[in-house]
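With the working numbering, the residue at position 134 of the sequence shown is 134, and numbering never jumps.
Take a look at the structure below.
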Amino acid sequence: MKTITIPQSYTVGNQTFTTESSLEVPCDFPEPTGIEVIEPPYLAEFSYEIESFEFIPDTGNNTRYFNFSIRMNNLSDEDVTGVPILTTRSDEITGSGPFFRNIATNNCTSIEANSNCLFTVDYEESLIYGIINEYEILDVDYVLTN
Numbered sequence: 001m002k003t004i005t006i007p008q009s010y011t012v013g014n015q016t017f018t019t020e021s022s023l024e025v026p027c028d029f030p031e032p033t034g035i036e037v038i039e040p041p042y043l044a045e046f047s048y049e050i051e052s053f054e055f056i057p058d059t060g061n062n063t064r065y066f067n068f069s070i071r072m073n074n075l076s077d078e079d080v081t082g083v084p085i086l087t088t089r090s091d092e093i094t095g096s097g098p099f100f101r102n103i104a105t106n107n108c109t110s111i112e113a114n115s116n117c118l119f120t121v122d123y124e125e126s127l128i129y130g131i132i133n134e135y136e137i138l139d140v141d142y143v144l145t146n
């Protein structure tokens, strides 16, 4: 018997993440030749509360403003490393992804066992990217990256 490493990838929104798994196989089993595409590994024991939310479509300074806090709860007995995935609606367009991950004050890329993390966004952006009249957070998930 030998152990092989299988490279894997999954996509959430427009971002692709890579990982790998190990498998014990007979010695004559061929080595993997490509990347296996898998479903995103969501944290099953997870809950969240939106503690505050403010969206101003036009601040009067040719910008829009996002300010919100989401308490993310790891209900499992394991420390986790991952990425918050927000499902949002901008006017009539719904999408899911690691939105605001790189601009969050606290991006919650790890949460200790039976603990929580406050995902906080305080962000102003130019209206040059387009006009959004309504914005809402519909759901939050947590995808494991470790």
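Note that the Cβ used here is the ideal one computed from N, Cα and C, for glycine as well.
Please report how far the alpha carbon of residue 96 lies from the alpha carbon of residue 28, in whole angstroms. In the sequence shown, counting from the first residue as 1, residue 96 sits at position 96. In the sequence shown, counting from the first residue as 1, residue 28 sits at position 28. In a straight line, the C-alpha of residue 96 is about 42 Å away from that of residue 28.
Strictly by DSSP, which residues pair up with residue 89? Here residue 89 is taken as the residue at index 89 of the sequence shown, counted from 1. Note: residue 89 sits in a beta bridge opposite 94 and 136.
What residue does the beta strand (DSSP E) around residue 19 start on, and which one ends it? For the purposes of this step, residue 19 is taken as the residue at position 19 of the sequence shown. Element bounds for residue 19: 15 to 25.
Where does residue 118 fall in DSSP's three states? For this step, residue 118 is matched to residue 118 along the sequence shown. Reduced to three states, the DSSP call for residue 118 is strand.
Compute the distance between the beta-carbons of residue 144 and residue 23, then report whether it is under 7 Å. Along the sequence shown, read from residue 1 onward, the residue named residue 144 stands at position 144. Along the sequence shown, read from residue 1 onward, the residue named residue 23 stands at position 23. Not a contact, by the Cβ cut-off of 7 Å.
Same chain only: Cβ atoms within 7 Å of residue 117, ignoring 5 sequence neighbours per side: Counting from 1 along the sequence shown, the entry for residue 117 is found at position 117. Same-chain partners within the cutoff: 72, 106, 108 and 111.
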